[in-house]
Amino acid sequence: MSEVLVLVDHADGTVRKPTFELLTLARRAGTPVAVFIGATEAASNAAATLAEYGAETVLVADDPVYQNVLVTPAAELLAHLVGSRQPAAVLLPSSFDGKEIAARAAAKTGSGVITDAIDVDADLTATQQVFAAAYTVTSKVAKGTPFITVKPNSVAAEPASATGAVEAIDFTPSGTGARVVSVEEKPASGRPELTEAATVVTGGRGTGGDFGPVEALADALGGAVGASRAAVDAGWYPHAHQVGQTGKTVSPQLYIAAGVSGAVQHRAGMQTSKTIVAVNKDEDAPIFELADFGVVGDIFEVLPQATEEIAKRKA
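Residues 0 to 314 in numbering that gives the first Met the number 0 are what the sequence shown lists, from first letter to last.
And the structure:
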């Protein structure tokens, strides 16, 4: 079977969940090969975990040139691998970096690119939701090697036995013109990454700036906290937590919208969630048209009750 390259998303060697989902999809179309950019030691430690999800080979790009630079070297690396290994496709996470890397590498190789897929079939037909998730379409790259970025939580990661043999890549990219000059560490919240979380609780204008009940419910469910654009623009919550067309796109198993009206821009960022629960005291709020379950009520009464009940059942 042809190889399918999967760009590994990791933090200092700790592989993030979207990579396991990509490896699961890659097994449908060919032999998964993980591409790990980072230290050889970190890659060797991660190889066993990657093998558990089907990576037959772990290609390691261990070169100082990848440190403190933007996405250009990674795009050059994938373009090189497409030329040297002739894979059936390249899968990447649908993050900001992942989509830019895919676009640059596809341009370098004269290939087509599909972004924000929610499924990939064995013949590399990708399913997407477009126009603010109002339509579901299928697409297939007609030229070159398909580069496909996939939204986190789109598929369940399924374990599979593989060898995970580590192999060094002999390639040095040249695109180092833009360098990172400083890094500010994000304060640890103890919550999962917003785009990777299985549960997301989002607060909107209805919070009035008090995200306490939203955070408490998210913590009770082991989920992440999101915010609507209105809440972010008002300065109530950081922009990094914004869900929507101009923020982040999430696709969790459970999405709870608390005090969110449900404007089309917000829906574009969460409409692919598996189960949507809306809490709003306005019974005519557009979010109820999208929700699987709706509660008409004050979030400052409903959310604490839900949090208390969840705590009781967990105990």
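Backbone N, C-alpha and C fix where the C-beta goes; we use that ideal spot for every residue, glycine too.
Contact check for Val278 against Val301 passes: the beta carbons are separated by less than 9 Å. Under the criterion of beta carbons closer than 8 Å, Val3 and Ala87 qualify as touching, at roughly 5 Å. The alpha-carbon of Ser83 is positioned some 39 Å away from that of His240.
DSSP, read as helix, strand or coil, puts Ser138 in strand. The three-state reading of DSSP puts Thr124 in coil, since its state is none of H, G, I, E or B. Between Glu55 and Ala230, the C-beta spacing is not below 9 Å. For Thr23, the secondary structure class from DSSP, reduced to helix, strand or coil, is helix. Leu6 has Val34 as its beta-bridge partners, per DSSP. Judged by DSSP in its simplified three-state form, Thr306 adopts helix. When the five nearest sequence neighbours on each side are left out, the beta carbons in the same chain lying within less than 7 Å of the beta carbon of Pro158 are those of Glu51 and Tyr52, in order along the chain. In this structure, Ser227 keeps its C-beta atom at 9 Å or more from the C-beta atom of Tyr254.
By alpha-carbon distance to Thr30, the top candidate from Ala284, Asp118, His238 and Leu21 is Leu21. When rounded, the separation of the alpha-carbon atoms in Ala125 and Leu91 is 13 Å.
Under a 10 Å Cβ-count criterion, Phe287 is classified as buried, with 16 or more other Cβ atoms of the shown protein chains found around its own Cβ. In the DSSP assignment, Asn44 falls within the unbroken alpha helix (DSSP H) covering Thr39 to Glu51. Note on the region 227-285: whole beta strand (DSSP E) runs with a minimum of 3 residues are 253-257 and 274-279, in chain order.
From the listed residues Gln270, Gly97, Thr13 and Asp62, the smallest Cα separation to Tyr134 is found for Gln270. One alpha carbon belongs to Glu184, the other to Arg190, and they sit about 15 Å apart.
By the Cβ test, the region 244-263 is in contact with the region 289-307, since at least three Cβ pairs between them sit closer than 8 Å.
Nearest neighbour of Thr108 by Cα position, chosen from Val129, Ala116, Leu80 and Gln127, turns out to be Leu80. Listed as beta-bridge partners of Arg178 by DSSP are Val68. Gly12 is the residue among Gly12, Leu24 and Asp118 whose C-alpha sits nearest the C-alpha of Ala46.
Non-local C-beta neighbours of Thr171 in its own chain, meaning closer than 8 Å and more than five positions away in sequence, comprise Asp62 and Val64, ordered along the chain. If only uninterrupted alpha helix (DSSP H) runs of at least 4 residues are considered, none is enclosed by the region 165-219.
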